[in-house]
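Engineer: Structure below; questions to follow.
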Amino acid sequence: MEAATLGTSLPVPCVQELAKESLTTVPTRYSRDPPIISDIAAASSPQIPVIDMQRLISEQFMDLELDKLDHACKEWGFFQLINHGVNDSLVNKVKGEIPEFFDLPMEEKRKYWQTAGEMEGFGQAFVVSEEQKLDWGDIFYMVTLPTHERKPHLFPKLPQPLRDTLEAYSAELKNLAIKILYLMAKALGMKPDDIKDLFEDGCQMMRMNYYPPCPQPELVIGLNSHTNATGLTILLQMSDVATR
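For the sequence shown, full-length UniProt numbering begins at 1 and goes up steadily by one.
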């Protein structure tokens, strides 16, 4: 998929800056009426599938774990991956440096802000009208691979420590994604190289989500319902969910 075909979005205010204003009510453009958020803490839900990458590559446990992977993909559409092989120290650097990036002064972040007709940069995704309800959250979105698709004012201009960290992280995720797709193909009874050929030189995007505290959380949505137009999404949770 060409990066240019991924869509556009109108520039929007920074929710992180709004949250600093000690608001007591949510601005109209973010408020959903009637309230749609239920008591998640009180709800019971089944345990999501957990897939162990080390078992997937073990001769002893591969078949059993492939069956679990097959079930997770067909019945759930997602799973938690453990023992994935991505370096722990690199993951911790990502978790430490991305919040620092969001905490840059606004004048610095404006250098990376979305422009009209673009979706990459700081902002929100798929905002198509001035009347559209907005999510209570900011994103930073950019194409990371192939390198020639990178916007010159985004990835190459990131603060040096973060740029180096994301360069390494991007490479690790590409390798992990190919492994997962290879194993998914195997679970489907396909020739693994067939699915590998489809994705090995494909486009990789990176999206960072930031959800600031909200004075009326029952009226807002941090991330609206959507379907990712990608072959595979790898999600890293930066921190535990907190309510304030």
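From the three backbone atoms N, C-alpha and C, an ideal C-beta is built for every residue, glycine too.
Owing to the predicted nature of the structure, the values given are computational and were not obtained by experimental measurement.
Rounded to a whole number of angstroms, what is the C-alpha to C-alpha distance between D88 and I51?
Structural biologist: One-based indexing of the sequence shown puts residue 88 at position 88. One-based indexing of the sequence shown puts residue 51 at position 51. Straight-line Cα distance between these residues: approximately 18 Å.
Engineer: Short of 6 Å in beta carbon distance, which residues of its chain neighbour G231, apart from the five on each side in sequence? Order them along the chain.
Structural biologist: For the purposes of this step, residue 231 is identified with residue 231 of the sequence shown, where counting begins at 1. So the qualifying residues of the chain are F199.
Engineer: Checking the sheet assignment: what are the DSSP bridge partners for E118?
Structural biologist: Taking the sequence shown and counting its residues from 1, the one referred to as residue 118 is at position 118. E118 is bridged to S9.
Engineer: By how many angstroms is the C-alpha of L158 removed from the C-alpha of V86?
Structural biologist: Taking the first residue of the sequence shown as 1, we reach residue 86 at position 86. Taking the first residue of the sequence shown as 1, we reach residue 158 at position 158. Distance between the alpha carbons of V86 and L158 is about 22 Å.
Engineer: Would you mind stating whether I57 and D135 have Cβ atoms separated by less than 8 Å?
Structural biologist: Here residue 57 refers to the residue found at position 57 when the sequence shown is read from its first residue. Here residue 135 refers to the residue found at position 135 when the sequence shown is read from its first residue. Contact: no.
Engineer: To the nearest angstrom, how far is it from the Cα of Y112 to the Cα of Q60?
Structural biologist: Sequence index remark: in the sequence shown, residue 112 carries index 112 (1-based). Sequence index remark: in the sequence shown, residue 60 carries index 60 (1-based). If you take the alpha carbons of Y112 and Q60, they lie about 49 Å apart.
Engineer: So the candidates are T8, S170, N175, Q54; which of them puts its Cα closest to the Cα of M205?
Structural biologist: Stepping through the sequence shown from its first residue, residue 205 is reached at position 205. If we check each option's Cα against that of M205, S170 comes out closest.
Engineer: If you count every other CB in all the chains shown that lies within 10 Å of the CB of S9, and 16 or more means buried, which is it?
Structural biologist: As a first step, residue 9 must be located in the sequence shown, where it is residue number 9. That one is buried.
Engineer: Give the C-beta separation of F122 and K109 to the nearest angstrom, bearing in mind that I take them to be a contact with Cβ-Cβ under 8 Å.
Structural biologist: Along the sequence shown, read from residue 1 onward, the residue named residue 122 stands at position 122. Along the sequence shown, read from residue 1 onward, the residue named residue 109 stands at position 109. Indeed they touch by this definition, with Cβ atoms about 6 Å apart.
Engineer: Tell me the DSSP bridge mates of D138?
Structural biologist: Locating residue 138 in the sequence shown gives position 138, where the first residue counts as 1. Paired residues: Y210.
Engineer: Buried or exposed: where does I139 fall if 16 or more other Cβ atoms within 10 Å of its Cβ makes it buried?
Structural biologist: Here the question's residue 139 lines up with position 139 in the sequence shown. Result: buried.
Engineer: Quick one: give me the first and last residue of the beta strand (DSSP E) that Q80 is part of.
Structural biologist: In the sequence shown, the residue the question calls residue 80 occupies position 80. Per DSSP, Q80 belongs to the beta strand (DSSP E) from 80–82.
Engineer: So, at 7 Å on beta carbons, what are the nonlocal neighbours of A116 in its own chain, with the 5 sequence-adjacent residues on each side left out?
Structural biologist: On the sequence shown, residue 116 is found 116 positions in, with the first residue counted as 1. Once the five neighbours on either side are set aside, the close Cβ partners of A116 are L10, P11.
Engineer: Is it the case that the Cβ atoms of P46 and H71 are separated by a distance below 8 Å?
Structural biologist: Taking the first residue of the sequence shown as 1, we reach residue 46 at position 46. Taking the first residue of the sequence shown as 1, we reach residue 71 at position 71. Going by C-beta atoms, P46 is not nearer than 8 Å to H71.
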